[in-house]
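Numbering of the sequence shown is given in the numbering used here, commencing with residue 607 and proceeding in unit increments.
Don't be surprised by glycine CBs; every beta carbon is placed ideally from N, CA and C.
Right, one structure below, let's go through it.
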Amino acid sequence: MAGLSEEKAALRKSFRRRRQDLPGREAKSGEIARRVEALELFQKAEEILLYLSNGSEPDTWALLDRAWQLGKGVFAPRCLDGEGAMGFFRVRERGELLPGRFGLQEPDPQRCERWRPGNRALCLVPGLCFDRQGRRLGYGKGYYDRFLAAYPLPAAGLCFGDLLVPRLPGEEHDRSVALVVTEEETIFCLPQGRCPGKDGAL
């Protein structure tokens with residue numbers, strides 16, 4: 607699998623650069639957020655698990671605020687160790703966030719309770735790019751693959767349309783998302799409300 611790992615590393619470098627150079631990211635992020643908010647999965651979710659965007663990623667801060675306004679429980683990720691373990695913690699205000707790993711804002715574990723399954727939830731997943739089958743190219747640490755393997759809740763990947771590709775290489779541990787939302791379209795890779803599994807399998 608060394609060859610595939612090298613291929614994915616080269617793709618990460620290329621797509622990171624392409625995303626950084628992408629014009630109009632702010633406007634495109636706004637349209638992605640509007641599409642997410644219009645999703646039945648978002649509207650019916652009691653809890654939203656979302657990444658806190660950083661740098662050139664599709665922005666999620668407006669969705670954070672909107673979910674609060676709608677009275678939903680909002681949970682953000684925190685790296686638990688350097689080996690790929692990640693948990694989500696409830697955030698009720700931005701003052702509960704602290705600088706964390708990789709320059710990201712993370713919930714303060716002393717103030718925020720950890721997410722547990724039980725309520726209807728939707729997870730918003732980052733990635734450098736996605737394909738139409740729901741495969742994602744992440745950042746190479748495996749945090750979301752491990753989380754979605756442990757908790758296979760409906761997951762939506764947020765992606766700029768220019769970074770949507772026909773097909774990405776995949777490995778045994780990779781987890782697909784149920785849908786991909788771009789500024790131009792929403793692609794349902796799995797039946798609505800179903801859970802993501804390996805290569806999109808249920």
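{"Query": "Checking the sheet assignment: what are the DSSP bridge partners for Cys735?", "Result": "Leu743"}
{"Query": "One question on the structure: do Glu643 and Ala727 come within less than 9 angstroms of each other, judged by their Cβ atoms?", "Result": "no"}
{"Query": "Using a Cβ-based criterion (distance less than 8 angstroms to any ligand heavy atom), does Pro775 qualify as near the ligand ADP?", "Result": "Among the components modelled here there is no ligand, and therefore nothing to report on the ligand ADP."}
{"Query": "Taking the beta carbon of Lys634 as the centre, do at least 16 other beta carbons fall within 10 Å, making it buried, or is it exposed?", "Result": "buried"}
{"Query": "Here's the rule: buried if 16 or more other CB atoms are within 10 angstroms of the residue's CB, otherwise exposed. What is Glu791?", "Result": "exposed"}
{"Query": "Can you tell me where the alpha helix (DSSP H) holding Arg827 begins and where it ends?", "Result": "Because the chain here runs from 607 to 808, residue 827 falls outside it and cannot be looked at."}
{"Query": "Look up Phe694 in the DSSP assignment and give the residues it is bridged to.", "Result": "Pro683"}
{"Query": "Are the CB atoms of Pro732 and Glu712 within a distance shorter than 9 angstroms?", "Result": "no"}
{"Query": "Relative to the alpha-carbon of Arg623, which residue among Tyr750, Leu734 and Gly740 has its alpha-carbon at the smallest distance?", "Result": "Leu734"}
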